[in-house]
Each structure stands twice: as C-alpha cells, then as structure tokens.
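There are 2 protein chains.
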Amino acid sequence: MPTTSSVIKKRAAFDVGCEVCENYNCLIKKNLLLTAGSDALLKRSIRCKKGQQFIIEGAPVNGLFFVLKGKVKVFRTGINGKEQIVRFAKEGEIIGHRGFGTEEYYSIGAIAIENTVLCYFSKSVLQEALLSNAKLAYDFMMFYADELNRSESKVKSISQMTVRERVIDTLLYIHRKFGVNKGYLDVVLSRKEYADHAGTTEEQVIRVFSALKTEKLISASGKKIAINDIQGLKNEISEHNFYLDS
Amino acid sequence: MPTTSSVIKKRAAFDVGCEVCENYNCLIKKNLLLTAGSDALLKRSIRCKKGQQFIIEGAPVNGLFFVLKGKVKVFRTGINGKEQIVRFAKEGEIIGHRGFGTEEYYSIGAIAIENTVLCYFSKSVLQEALLSNAKLAYDFMMFYADELNRSESKVKSISQMTVRERVIDTLLYIHRKFGVNKGYLDVVLSRKEYADHAGTTEEQVIRVFSALKTEKLISASGKKIAINDIQGLKNEISEHNFYLDS
DNA sequence: GCATAAATACGTATTTATACTTAACAAATT
DNA sequence: AATTTGTTAAGTATAAATACGTATTTATGC
Numbered sequence: 001m002p003t004t005s006s007v008i009k010k011r012a013a014f015d016v017g018c019e020v021c022e023n024y025n026c027l028i029k030k031n032l033l034l035t036a037g038s039d040a041l042l043k044r045s046i047r048c049k050k051g052q053q054f055i056i057e058g059a060p061v062n063g064l065f066f067v068l069k070g071k072v073k074v075f076r077t078g079i080n081g082k083e084q085i086v087r088f089a090k091e092g093e094i095i096g097h098r099g100f101g102t103e104e105y106y107s108i109g110a111i112a113i114e115n116t117v118l119c120y121f122s123k124s125v126l127q128e129a130l131l132s133n134a135k136l137a138y139d140f141m142m143f144y145a146d147e148l149n150r151s152e153s154k155v156k157s158i159s160q161m162t163v164r165e166r167v168i169d170t171l172l173y174i175h176r177k178f179g180v181n182k183g184y185l186d187v188v189l190s191r192k193e194y195a196d197h198a199g200t201t202e203e204q205v206i207r208v209f210s211a212l213k214t215e216k217l218i219s220a221s222g223k224k225i226a227i228n229d230i231q232g233l234k235n236e237i238s239e240h241n242f243y244l245d246s
Numbered sequence: 001m002p003t004t005s006s007v008i009k010k011r012a013a014f015d016v017g018c019e020v021c022e023n024y025n026c027l028i029k030k031n032l033l034l035t036a037g038s039d040a041l042l043k044r045s046i047r048c049k050k051g052q053q054f055i056i057e058g059a060p061v062n063g064l065f066f067v068l069k070g071k072v073k074v075f076r077t078g079i080n081g082k083e084q085i086v087r088f089a090k091e092g093e094i095i096g097h098r099g100f101g102t103e104e105y106y107s108i109g110a111i112a113i114e115n116t117v118l119c120y121f122s123k124s125v126l127q128e129a130l131l132s133n134a135k136l137a138y139d140f141m142m143f144y145a146d147e148l149n150r151s152e153s154k155v156k157s158i159s160q161m162t163v164r165e166r167v168i169d170t171l172l173y174i175h176r177k178f179g180v181n182k183g184y185l186d187v188v189l190s191r192k193e194y195a196d197h198a199g200t201t202e203e204q205v206i207r208v209f210s211a212l213k214t215e216k217l218i219s220a221s222g223k224k225i226a227i228n229d230i231q232g233l234k235n236e237i238s239e240h241n242f243y244l245d246s
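Here the protein sequences come in this chain order: A and B.
First residue of the first sequence? That's 1 in UniProt numbering, and the numbers climb one at a time after it.
First residue of the second sequence? That's 1 in UniProt numbering, and the numbers climb one at a time after it.
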C-alpha cells in the first residue's frame, strides 16, 4: 500500500486512488494529476459483477464512469426489448456520454460483461475539472470526436452491409478492441451479443459462424472464438472501408 | 457597417468577420470574442453553390468548417457508390469532425444542399484556441457528445426499424432540424436524399410517401413536404424511443 | 460425479420485407 | 421543343426473419 502524505482513507482493495492508479490511458490520470494533488477525493470506485447493469436507460444522469478494470457493453433497448449494442468498452474508456451535461436521463444502458471495477465521477466535480483544465476538455472532446467517427462509420456499415458482412465486421471490431489471448479473442461473448452488435439475430450469427468455420476463416471452442485468417475477413468488407480502418 | 477600430480588410460581402457576425449559435462567436479581440484573422470565409462538395472523403485534413449560412449534408460513400447521409447541418454547426486532431484524412464528405457560406478555421489556429480556452473546448466536447448520442441512436434505429419507420424517423429528424416554413419543411431534399438518410432506396421512400399521403399524415407538392399529423408520425416510432427525442 | 437445465449448433421450410428492374409518364429545366 | 429529373407502378429476385425440430455441448445445482 502506498503512503499518501495526507490521511489514509478507508478503502477496499479495489478502490485505488488516482494517485496510485496504473491506468495511464485514463484521461483523468493523464491530465489532472499533473496539476492538482488532491484528486483522490473526486471519485468513487464501484465494483460490478459480471452481468451487472450499472447504467439503466432512462435513469437520471448524475455522473460519468471510467472503466478501471474489466469490460463493459453499452446498449440501447428498442421495441420488444431487442437490444442494440452500440459499443464495447475496456480499461480506460468512458461510459455515460453526457454524464456532465444538461441531459436529464441516460440514453444508454451499460452492463459489465465480466467482473469490472469502475471509477465514478460526479457531474459537478467533472464539470469543474473540465472548465478549469483546457487540456482535459480537449482530450475529452477528442474522445467523443473519435467515438462519433466510429459511430457514423457504423451507421454506414449497418445500412449497407449484408448480415454476413456485419458479423465479420463485428468480429474484426472485437479483435481490434480486445485483442487475442492464447489464440482466442480476449473476451467471452454469447452469440446473442454478437448478434446485438451486428444488428441481426442469434440464429444468423450461428449460421455465419458455421460458414466461416467451414471456410477455415475462424474456429471456435464453445464461446471462445479464434480468428484464423484475419486478412481473409478484412477482404470481404474492404470495399466498404475505403478510408477508415477504426 | 460597423466600424472596427483597426484596419478594414478587403472582404467580399459574404466574408463577415467574427466581430460583426450575427451567428450567436457559433461556438467561436460565443466563446472567443469574449476574451480575445483579433479573431478576424483566424478564419476564412468560403462560398459554396448548391451541390458543391467542399469536403471529399479521403482528402487530407487541414481544418474545420462552420456553417455561417446555408445547409449541408454530411455523408459517407460505401460500396458501389451508395451514399449514406450521416447527418445534415445548418447555421452554426460544425463540419469535419476531426479537423484539428491527428487524423490524416477526412472520413466523411460534405456537400452544400443550398447556397452556403462556410467559415474555415485551420487546424493549428483551432487547436491553439481550444487548448487555451477551456470553455471553448468544453462546448466543443458537448457538441460532439450530442452528436454521438444522436449517431448511436441512429445505429439503433437503422438496425431495428422497418423501412417505413426509418423514413418517418428521417421526416421527423428533418422537421426538428430545419423546421417549417409556410407549412412545408424548410429544406428541399430529393427523394434520393431522404433514402440516403433513411438507409433505403429512392423507390421505397416514394412508396412510403405515397402511403403517408393516402393516410393524410403528410402532403407534398413536388419536393416540398408538409407534415400534417406530426403526432401520428411520432406514434409510429414511439416504441423505439423511450428515452430520447433528439 | 451425476442429473438437469441451458446454451449452442445445426437443418429446413415458410413468410415477410426489402431490393432490384423496367417501363411509362409527369414535371421541371434548359 | 428537347432533355433531364422525378414520380408511380408492377413484377421478380433475394435477403432476412421467423418458426420450427432436434442433437450436442456446456454450465450449474445438488
């Protein structure tokens, strides 16, 4: 345990203060600690079990989350409860888009897809930090601009790709986002979750996976998916992505 | 003509300096003029005729545009040249998402859909302004966060709505964005453009419009579309939008 | 370790939605 | 008047969703 100069606060093991946090992808860690010293007060750590929902669509907004450790899916629920996964998030990423703005309610839901530790910053604290630190606000802006880029890219994809292409696109996205561990994609998702991201049904995903397995492009052991020929997959959707690879 | 204290520069009529600009929705106008005085130097005004493309997908990024006057469509071109309109922009809005960042190339294209005047800010000027003015950066961030929200909402729509619903959704979006003038939507779009925004084909749009006309929900006189029963339209897609109305 | 439930992996047939094609005609533009 | 663009319609092809069934594998509780 590191000794901070001031009082040691009561903390669970997972409740790491910003000053000792290892997560240098975190915009807060990157920017705020360079100037002020007392940032430990700002945040609260929250632990989520796999499957636990920590943002509910329509609930009042009161802050913003960072993923300290773990993985999260961000979604919107449509008619008849069909869920559209708008993105996944891993360590260092921000959840709760407008947690500091004028929006009254969350327009997305978020569920931990494995055991996850979140850092929570309240609206007011964050707003103050952003307005007093131009670099921090700038980095936040860049984060959103990037996400916007990706999202608009996805709008195009979904409206122009076939189911097969969308499933492949999702596989490549997961590969980029979470990478590979021991040959398998380093995240465990159900077929339903692949479907919810690709904007199709579970059955279609299973069918496409079967075809891809037959074609030796991927292989699977239960929920663990391995990509055997990433270039082969990329080729199939390359015509859709002239300029962007994100 | 207002008299600025310093030298009067050579300017075309449309090339309005920030100091006399009437566009108080503009983030630059709103934030920067309050502090610095010499902003007229920062920007260049560019005039576009209807139909003129001023951002080409894949071209090198060197700055960012504001719409001073007029209307613009922002799109991505997919396979076989099919174009997906990701959004429309009107006075005060920003075009060219990452015009100040590290991105090398524009990932979107932009075309003026009527005669338009743009203000152009170079990458470096803008970056400097953002990093020295937290409120400006904050406002930019909010703009992108909003756009992200809308875009993710659209991802959901496209993957869960029927063609009819998507066309209605587009009509309502246009209504919110551009409003009504003399009973008609205050923008002239082709059926193709409605289709490109709704992620469908021109013929489908025409078919849906026909049906909506029969049902007295809309009426049309050529390209001018009037919404007769906005609540009726909203009802059809209300199940998809529990929480968000943007 | 075993029983049971749940998820996964197919197959196939039906229905529906959407896309594509063509053609004829109207309207607007030059 | 000629040409382009927009509109409407109808028919066909295709893609996708839906609804089955059923074996197999994988979790989970006891």
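Glycine is no exception: its CB is placed at the ideal position from the N, C-alpha and C atoms.
Distance between B/K90 and B/L189, taken at the CA atoms: about 14 angstroms.
In this structure, A/V155 lies away from B/S153, with their beta-carbon atoms at least 8 angstroms apart.
For B/E83, no alpha helix (DSSP H) encloses it; the enclosing beta strand (DSSP E) starts and ends at E83 to A89.
A/F65 sits close to A/C119, with the two beta carbons spaced by under 8 angstroms. In this structure, the straight-line span from the alpha carbon of B/G232 to that of B/R164 is close to 13 angstroms. Residue nearest to A/L32 within the set A/Y105, A/L136 and A/V74 is A/L136 (criterion: CA-CA distance).
Secondary structure at B/I55: strand, using DSSP grouped into helix, strand and coil.
In this structure the region 96-107 of chain B does not lie against the region 104-113 of chain A, because fewer than three pairs of beta carbons, one per stretch, are closer than 8 angstroms.
For B/K123, the closest alpha carbon among the candidates B/T162, B/H97, B/M142 and B/N115 is that of B/H97.
Cα atoms of A/F140 and A/A226: separation of roughly 34 angstroms, rounded to the nearest angstrom. Residue pairing by DSSP places B/A110 opposite B/I55 and B/V74 in a beta bridge. Under a 10 Å Cβ-count criterion, B/V72 is classified as buried, with 16 or more other Cβ atoms of the shown protein chains found around its own Cβ. Between A/G92 and A/N133, the beta carbon gap of about 18 angstroms keeps them out of contact (Cβ cut-off 8 angstroms). For B/S221, the number of other beta carbons within 10 angstroms of its own is below 16, and it is reported as exposed. According to DSSP, B/G63 shares a beta bridge with B/S122.
A residue is called buried when at least 16 other Cβ atoms come within 10 angstroms of its Cβ; B/A59 does not meet this threshold and is exposed. Exposure of A/K182 is indicated by the presence of fewer than 16 other C-beta atoms within 10 angstroms of its C-beta. Within its own chain, the residues whose Cβ lies closer than 7 angstroms to the Cβ of A/S219, once the five positions on either side in sequence are excluded, are K213, A226 and N228, listed in chain order.
Residues of the region 51-63 of chain B that bring their beta carbon within less than 7 angstroms of a beta carbon in chain A comprise E57 and G58, in sequence order. Within 9 angstroms of the CB of B/V67, no CB atom of chain A is found; the nearest one sits about 17 angstroms away.
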